[in-house]
Every structure is written in structure tokens, then in C-alpha cells.
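Working notes, structure below.
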Amino acid sequence: MSTKETTGEAGYAPRPGPNRLQGLLWAGFANAAVLIALVAPAHILIQGVLAPLGLAPSFDRKYSTFASALSDPLVKIYLLVVIAASFYLFGHRTRYVIHELGVHGKLAVGLAMYGVAAAGTAVAAYLLFTLP
Amino acid sequence: MNAAVTHPDGAPGPAARPRTHPYRQPFTWWLRRRGYVLYMIRELSALPIAVWWVLFLVEVARLRSGPSGYQPLEGWFVAVSVVCLAAALWHTYTFLSLAGLIMRIPLGEGNVPAKTIVRAAFGGFVVLTAVIAGLMIWGGA
Numbered sequence: 001m002s003t004k005e006t007t008g009e010a011g012y013a014p015r016p017g018p019n020r021l022q023g024l025l026w027a028g029f030a031n032a033a034v035l036i037a038l039v040a041p042a043h044i045l046i047q048g049v050l051a052p053l054g055l056a057p058s059f060d061r062k063y064s065t066f067a068s069a070l071s072d073p074l075v076k077i078y079l080l081v082v083i084a085a086s087f088y089l090f091g092h093r094t095r096y097v098i099h100e101l102g103v104h105g106k107l108a109v110g111l112a113m114y115g116v117a118a119a120g121t122a123v124a125a126y127l128l129f130t131l132p
Numbered sequence: 133m134n135a136a137v138t139h140p141d142g143a144p145g146p147a148a149r150p151r152t153h154p155y156r157q158p159f160t161w162w163l164r165r166r167g168y169v170l171y172m173i174r175e176l177s178a179l180p181i182a183v184w185w186v187l188f189l190v191e192v193a194r195l196r197s198g199p200s201g202y203q204p205l206e207g208w209f210v211a212v213s214v215v216c217l218a219a220a221l222w223h224t225y226t227f228l229s230l231a232g233l234i235m236r237i238p239l240g241e242g243n244v245p246a247k248t249i250v251r252a253a254f255g256g257f258v259v260l261t262a263v264i265a266g267l268m269i270w271g272g273a
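So, in C-alpha cells, the structure goes:
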């Protein structure tokens with residue numbers, strides 16, 4: 001892990017040169033945000049609104065179709081990528097919202113938020129890949 | 133501007149404490165302008181989206197109950213999903229609208245116009261939404 005942000009508020013002293021960790025975090029955010037912007041509304045609209053109201057069928061309303069869809073490894077990988085992107089997006093954006101609301105423990109907040117995202121992704125992977 | 137903080141010698145209490153930061157934004161700074169509120173809603177749109185995927189994982193976990201025990205989420209899930217859908221659409225609109233500012237695609241001596249990039253992004257969103265919706269409906273039919 002980079003030490004460029006680890007000196008705390010009092011002793012903050014950025015090193016010269018690019019901060020590659022920050023670059024990677026923002027690149028991850030940009031990719032996650034694009035993916036979620038493109039695919040999340042369709043999932044929520046069909047699975048969360050239209051199908052429960054009986055206005056459209058959806059694969060997750062019946063055990064047979066849900067289990068059949070999740071038996072395909074490509075579907076599992078797709079869902080895991082989307083869920084991981086969603087959790088990462090949440091962690092990254094919330095990290096900066098907390099900072100903008102006046103909480104300045106950037107490293108601790110960052111570790112907590114990315115930790116939540118990583119834990120959620122691990123749970124998703126476990127649930128998706130250990131189905132009976 | 134903030135007035136300088138005085139530190140009377142020997143006087144205990146809050147007035148004697150040195151300030152470690154010259155100025156902090158009040159917690160409610162984002163309520164001052166409509167643009168700030170919309171910005172904060174955009175930043176927090178990730179929360180309901182993540183919550184919705186957590187609820188989807190609850191459905192995945194319920195698959196372990198077997199064919200007879202599986203129950204998809206009902207009723208209240210629709211209400212929650214409507215809120216999550218609004219947040220997801222706001223995220224989509226704001227993020228894809230920025231695509232023209234963020235992306236620089238070289239074309240000849242200049243770049244592809246920002247408006248073209250934004251239109252392509254929204255066109256891709258419409259196509260992808262139709263494809264994903266079609267696959268989910270086909271999978272459930």
C-alpha cells in the first residue's frame with residue numbers, strides 16, 4: 001500500500017511524482033461508474049419493479065428459472081462484476097462524501113469504505129459460487 | 133473571513149484552545165444551493181444502488197431453501213426498488229452527461245465533439261438496457 005497519504009493531517013507531506021494508488025482508485029471508480037450507469041437501471045426496472053408487479057416475467061421470480069440462470073458460469077461472473085462495481089462505487093463515493101461533510105480522517109475512512117466494498121464483494125462471490 | 137482567535141494567558145476553557153484548522157465547512161454547506169443539493173444526491177446515489185444489489189443477494193441466498201422454500205422478495209421490494217431506480221437513473225444521467233468532458237477521442241487534427249460522445253453514451257445505454265431487459269424477461273418466460 002502506498003504511504004503517500006499515511007502521514008495524517010498534521011504531518012501531511014505529499015511526495016513528488018504521480019500518486020499511482022490514487023490513480024488506480026479513480027480509474028476503478030470511472031470504470032465501475034460507467035458499468036453501473038449502463039446496466040443497473042435495467043436490472044432494477046425489470047427485477048425490482050415490473051416483475052414483482054406482474055407486468056413482465058423475470059428470471060429471479062421462480063426457483064427453476066433463477067437456479068437455471070445462475071448455473072451458467074458466465075451469468076455468475078457477470079453478476080459478480082456488476083455487484084463488485086456497485087459496491088466499489090458506493091465505497092469510493094461515500095469516502096469522499098464523508099470527507100466533504102467534515103470528517104477528515106481520509107485514510108481511516110478510505111480503508112473502512114473500501115473494506116466494506118471488499119467484504120460485500122466477498123459475500124457476493126461466496127453466495128454466487130457456492131449455490132447447491 | 134474568520135476573526136483571529138485570541139488565547140488569554142491562563143484562562144482555561146474553550147477560548148484558550150488553539151485552532152488546528154483555520155476554517156471548516158459547516159455540516160449543512162450542501163443545503164445552501166440547489167446545485168450543491170443535486171451534487172450531494174448524485175454522490176449518494178451509489179448507496180441505494182448498492183442496497184438494491186444487497187437485496188438481490190438476499191434472493192440469491194434464498195435459493196438455498198430449495199424449489200419448495202424459495203420466495204422472491206415481494207411488496208415492499210417494489211417501493212424500495214422505485215427509490216433505487218430513481219437513484220440509478222440520476223447516476224446514469226449525470227455520469228453519462230459528463231462523458232463528453234472526460235473523454236478525448238482524437239479525430240484528425242481535433243477531437244470527436246463532446247456532444248457526439250454524450251449522444252453515443254446515451255445511445256449505448258438505451259441499447260444495453262433493451263438487451264439486458266430482453267435477456268431477463270426471456271430467462272423468466
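Those sequence lines, one after another, are chains E and G.
So the first sequence is numbered by the numbering used here: it starts at 1 and just counts up by one.
So the second sequence is numbered by the numbering used here: it starts at 133 and just counts up by one.
The beta-carbon is built from N, C-alpha and C at its ideal position, and this holds for glycine as well.
Just so it is clear, the structure is predicted and the values come from calculations on it, not from any experiment.
Chain E within 8 Å of residue i, Cβ atoms only
| i | result |
| --- | --- |
| T248/G | no |
| V214/G | yes |
| M235/G | no |
| A252/G | no |
| V210/G | yes |
| V192/G | yes |
| G142/G | Any reading at G142/G must be qualified, since the residue scores a pLDDT of 49, below 50, and its modelled position is unreliable; no value is offered. |
| I264/G | yes |
| R256/G | The sequence shown places Gly at residue 256/G, rather than the Arg named in the question. So yes, G256/G belongs to the interface. |
| I173/G | no |
| E206/G | yes |
| L179/G | yes |
Collapsed DSSP secondary structure at residue i in the structure displayed
| i | result |
| --- | --- |
| P238/G | strand |
| N243/G | strand |
| R15/E | coil |
| Q157/G | coil |
| F59/E | coil |
| A136/G | In this predicted model, A136/G has a pLDDT of only 46, less than 50, meaning its place in the structure is not dependable enough to derive any value. |
| L205/G | coil |
| G256/G | helix |
| A273/G | coil |
| G266/G | helix |
| L53/E | coil |
| L189/G | helix |
| L163/G | helix |
| L195/G | helix |
| L131/E | coil |
N-terminal and C-terminal residue of the alpha helix (DSSP H) that residue i is part of
| i | result |
| --- | --- |
| Y225/G | W208 to S229 |
| P41/E | R20 to H43 |
| R174/G | R166 to L176 |
8 Å Cβ cutoff, residue i in contact with chain G
| i | result |
| --- | --- |
| K62/E | yes |
| K4/E | Low per-residue confidence applies at K4/E: pLDDT is 47, beneath 50, and the placement is therefore not dependable, though the value from the model is reported in the following sentence. It does not: the Cβ of K4/E has no partner Cβ on chain G nearer than 8 Å. |
| S86/E | yes |
| T121/E | no |
| R20/E | no |
| L35/E | no |
| F129/E | no |
| L24/E | no |
| P16/E | no |
Near the ligand FMN: residue i beta-carbon under 7 Å from a heavy atom
| i | result |
| --- | --- |
| L179/G | With respect to small molecules bound, the structure shown includes none, and the ligand FMN cannot be examined in it. |
Interface residues of chain E facing residue i [CB-CB closer than 7 Å]
| i | result |
| --- | --- |
| R166/G | In chain order: nothing, as chain E lies at least about 17 Å away. |
| L239/G | The contacting residues do not exist; L239/G stays about 21 Å from chain E at best. |
Neighbour list for residue i in chain G, Cβ cutoff strictly below 7 Å
| i | result |
| --- | --- |
| S58/E | M268, I269 and G272 |
| F66/E | L195 |
| V39/E | L260 and I264 |
| I44/E | W184, S213, C216, L217 and A220 |
Interface partners of residue i on chain E, CB under 8 Å
| i | result |
| --- | --- |
| P359/G | Residue 359/G is absent from the model: chain G starts at 133 and stops at 273. |
| L189/G | I83, V123, A124 and L127 |
Contacts that residue i makes with chain G (C-beta to C-beta distance below 8 Å)
| i | result |
| --- | --- |
| V81/E | The premise fails here: V81/E is roughly 12 Å from chain G at the closest Cβ pair, so nothing lies under 8 Å. |
| A69/E | G271 |
Which whole runs of the alpha helix (DSSP H) in the region 70-129 of chain E are 4 residues long or more, in chain order? As far as the region 70-129 of chain E is concerned, its whole alpha helix (DSSP H) runs of at least 4 residues are 73-100 and 106-129.
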